[in-house]
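Protein chains in written order, with our numbering: chain R, 145 to 486; chain U, 104 to 662. Right, one structure below, let's go through it.
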Amino acid sequence: MLDVRGITVTYAGADRPALDGLDLQVGPGEVVAVLGPSGCGKSTLLRAVAGLVAAQAGSVHLAGRDLRGVATHERGVGLMFQDYALFPHRDVGDNVAFGLRMRGVAPSRRDQRVAELLELVGLPGSARRSVAALSGGERQRVALARALAPSPALLMLDEPLGALDRTLRDRLVLELGELFASLGVAVLYVTHDQGEALGLAHRVVVMNEGRIVQQGRPAELWASPASAFVARFLGFTNLFEVDADDGAAKAPWGGVVEVDPQARRVTLMVRPAGITLVDHGAAGSMPARVAGVMFAAGSMEVRLDLDGLGPVTALVAAADSPVPGTRCGVVVDRAEVQVVAP
Amino acid sequence: MSPALAAVPRRVARLLPVVVPLAFLAVLFVYPVTAIIGRGLRPGGHWQLGVVGDVIGDPYYRHVAWFTLWQAALSTVLTLVVAMPVAAVFARFEFRGRRVLWSLLLVPFVLPTVVVGAAFLALLGPKSAIGVDLHDTIWLVLAAHVFFNLAVIVRTVGGLWGNLDPALEDAARTLGASPWRAFREVTLPLLRPAIAASSSIVFLFCFTSFGVVLLLGGPRARTLEVEIYTQTARLLHLDVAAVLALIQLVGVGSALLLYARYQRRRSIAQVLRPRSEIARRPRTFAERTFVAVVLAGLGVLIALPLLLLAWRSFDTPTGPGLTYWQALDSSRRGSTLFVSPVQAVVNSLTTAAVATVVALVVGGMAAWVVARPKRGAGGDADRGGRSVVWFDAALMLPLGTSAVTVGFGFLIALNRPPVDLRDSWWLVPLAQATVAIPFVIRTLVPVLRSIDGRLREAASVLGASPGRAFREVDLPMVFRAGLVSAGFAFAVSLGEFGATVFLARSDRPTVPIAIYRFLGAPGALNLGQAMALSTLLMGLTGAVVLLIDRVRVGSLGEF
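Rendered as structure tokens:
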């Protein structure tokens, strides 16, 4: 559906391009999440596809049609803006109907479609409500309905859940996923939150500094982050840089890990599940101090200070949560150790 | 002390800001104006309203009223048409010299009408520098009106426009609206309150236009104001003048109510962002051309007349020189002024300074009343809101009322007990203050309104008494606005002509009066001195205006 090739966008006065020769495809009905930190160019990508910013190089094809030279209002993409950009001088129904009105759809058919969409996003009967009176979650739904009304070939969302509180966000991630599945529309979803990206998407694209650093199915990314950057962005904290020699890297917890023979320095990652807490001084354990504990969706995230090695994070059941400040032992399960390219 | 007694000082403090401005208005505006009307329609104590019928029935006066109306409307429309592209350029784009140009836009606005008249005569009059003689046509007057009032619309609309979130227009474009359609559907409706408010003000100014029409209109162009002047000062037909003043008051009052209504309905858009996040340098060729064309047009319209004026002050028959400037310092026998022009400058500066102080005090109180939300449950708040609208409109009346009426009213009303200011030096500064107060109010009100009440609450929780909280929270924020409004009042007072022309004694002229006298006298020396004085005044007001904007933070006030 969407085929972006070699797209380059440099803003006036910037020393590096916002988008640097990027390639990206979104198939029909596919949900692709673009994940990256602030300033990585993900919003610029959306604006370039929508035609709101001109690209210096590269091409954008939508459903086979070359969009070069095509003005924004003729592209037929749907864009949901970061702060929703609802029109304050019009009510909910007029906002949703705006795209239909631009296409010259008859008023009766417009009203019908507006009612359909408001039903779909969970705001039935709200057509005459004023925009100013809406809550954050309601605004988000109206913005979504408005973008969907003209039945675009591609729906793009720019950090749609950023302004909402945690529980609302978690619930909406599920709802949005169901909505996209039922509509079968191609979706390009931009966010800096890995929970949203991994939870919603068929495919996740990780961006940094205008380039794609890794893409794949959520499970793949989770299983094998391609670099320390991606690993850290996905939320992994137990990363250790060690020297490697002749295909073997010496692990800080003892033993050797097999690595690429050419590599001189690698990053080793230990999944939180691979860290077990035992009594201080137990055989085969490393001494550590409990730095802090944090509640994390049913489990406890324990931050430990490994003597001489630095911070690691472990996950334990809430019932087994240790007391901060105490000393304990740490055992690393070799099976949960992974080599990550530096 | 009983609680009721203890509450008295607080009650007084609350009522004072309402009473003082109203009292000022009553004594220095209502009283003189009713005096003129009374003198005209009630000579010798009996109402003689026959003249009302005569005037309204007379086709000549009907023509004058109609002319006043349509030239004001046309001037407003023209100003709007010219101002919108200028506002767009200033709002959305960054370019070199933007900040300075934004400030200098105000210079035409505060210049005295005589100076503007002189400048346009030099440019488009009988001895036109560019060979285009529009003297005696309506176009000269219209051009001068646009010149004067451009800043009002550009700065009001442009100010709001610069803060509108462009994401709204972007959203409209992704939904299928062409750029022009997106502007019409999204930006224009959001700008409407600012457009309506500033257009009402411009209409007001053009409706009561005096100096411009007097100098540039020729014999066939007579507005109500000019007619009032002729009837009072030349023909002494006070009855006719009174009726005309009343007619003018009706027209002005309606425009003012419209303005006051829109003032309260301003808050439609909650989608404001700091301009620094939005404005950018023009990128495409189309954008660069647009900006260049608009700025060039602005230069021609605004800068050209003023530069020509300055040039004319140096252009002696024997080549460029300082003859006219040097003549300013001398008081010659037979000159149209009794004192040297430099003395006129000193007079202007002193009266303007005093007028500024008075305007700040009275206007400050009035602004406080207008800006404070009425505290009261339900119906009380509503009534409070409406009475504030009337209070606001009432205090704006001097802006739109015939300055001639005010001036002459001062003269005949304030020359006997209980208020005997005859021959008093105070006449001129007080008249100027009356005209300057609306500007003070318009500058202070938005700032006062924007002071977050929670800051004062925080201060009081931390132990500050109400008075202390005011000093620590409100005052610093208002201080800058106070400086800005002082600058405004000073500039406006410097340029005031319509009322001053009645009140200034021959031996104590102000600069606009001096210019007017020089323009009326024959000979190159007199004309040259007029040009030199005008240039001097231009420089003075330009300096004040640049200073005002230096002191401003962001965009204070309404224009």
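The beta carbon of each residue, even a glycine, is placed where N, CA and C say it ideally should be. Keep in mind the model is a prediction, meaning the values are calculated, not measured.
One alpha carbon belongs to U/Arg-386, the other to U/Pro-269, and they sit about 16 angstroms apart. At a cut-off of 8 angstroms between beta carbons, R/His-424 makes no contact with chain U. Under the 10 Å beta carbon count, R/Ala-194 is surrounded by 16 or more other beta carbons and is classified as buried. At a C-beta separation below 9 angstroms, R/His-217 has these neighbours in chain U: Ala-275, Arg-276, Thr-277, Leu-278, Gly-279, Ala-280, Ser-281, Pro-282, Arg-284, Ala-285. Measuring C-alpha to C-alpha distances from U/Val-219 to each of U/Leu-341, U/Ile-405, U/Ser-178 identifies U/Ile-405 as the nearest. Residue nearest to U/Asp-157 within the set U/Val-184, U/Val-343, U/Leu-253, U/Val-257 is U/Val-343 (criterion: CA-CA distance). A direct Cα-Cα distance of roughly 5 angstroms separates R/Val-401 from R/Ala-393. Note on the region 231-272 of chain U: whole alpha helix (DSSP H) runs with a minimum of 4 residues are 241-264, in chain order. The three-state secondary structure of R/Asp-449, taken from DSSP, is strand. As DSSP reads the structure, R/Ile-151 sits in a beta bridge with R/Leu-166. Listed in chain order, the alpha helix (DSSP H) runs fully inside the region 214-290 of chain R are 236-246, 251-264, counting runs of at least 4 residues. The beta carbon of U/Val-289 sits closer than 8 angstroms to some beta carbon of chain R. Setting aside the 5 residues that flank it on each side, U/Phe-621 is surrounded in the same chain by Asn-629, Gln-632, Ala-633, each with a C-beta closer than 6 angstroms to its C-beta; the list follows chain order.
Look at R/Ala-156: its C-beta is under 8 angstroms from a C-beta on chain U. For U/Pro-569, no CB of chain R lies under 8 angstroms from its own CB, so it is not counted at the interface with that chain. Contact of U/Leu-341 with chain R by beta-carbon distance below 8 angstroms is absent, the smallest such distance being about 50 angstroms. Counting along the chain, no alpha helix (DSSP H) covers U/Gln-334, and no H or E run does either.
The Cβ of R/Val-221 sits closer than 8 angstroms to at least one Cβ of chain U.
Following the DSSP letters along the chain, one finds R/Arg-471 inside the beta strand (DSSP E) bounded by residues 471-476. For U/Leu-291, the uninterrupted alpha helix (DSSP H) segment begins and ends at 291-310. Contact between U/Gly-590 and U/Leu-498 is absent: CB atoms are separated by about 20 angstroms, not below the 8 angstroms threshold. Under the Cβ criterion of 8 angstroms, U/Leu-214 is not counted among the residues facing chain R. The region 127-142 of chain U makes contact with the region 504-516 of chain U, as at least three CB pairs between them are under 8 angstroms. U/Arg-386 belongs to the set of residues whose beta carbon lies under 8 angstroms from a beta carbon in chain R. Think of a sphere of 9 angstroms around the beta carbon of U/Ala-270: the chain R residues whose beta carbon falls inside it are Phe-225, Gln-226, Asp-227, Tyr-228, Ala-229, in chain order. Contact between the region 410-427 of chain R and the region 456-467 of chain R is present, with at least three C-beta pairs closer than 8 angstroms. Distance from the CA of U/Val-403 to the CA of U/Val-189, rounded to the nearest whole angstrom, comes to 13 angstroms. Between R/Asp-147 and R/His-217, the CB-CB gap reaches or exceeds 8 angstroms. Closer than 8 angstroms to the CB of R/Leu-320 there is not a single CB belonging to chain U. Under the 8 angstroms criterion on CB atoms, R/Gly-243 is classed as interfacial with respect to chain U. Contact annotation, R/Asp-235 with R/Arg-285: C-beta distance approximately 14 angstroms; criterion of less than 8 angstroms not satisfied. Between R/Arg-209 and the set R/Val-221, R/Ala-198, R/Gln-200, R/Ala-199, the nearest pair of CA atoms involves R/Val-221. It is roughly 22 angstroms from the alpha-carbon of R/Leu-244 to the alpha-carbon of R/Met-145. Taking C-beta atoms under 8 angstroms as the contact rule, R/Pro-405 and R/Asp-423 fail to qualify, at a distance of about 39 angstroms. Contacts between U/Pro-292 and chain R, judged by CB atoms closer than 7 angstroms, involve His-233 in chain order.
The three-state reading of DSSP puts R/Ser-443 in strand, counting E and B together.
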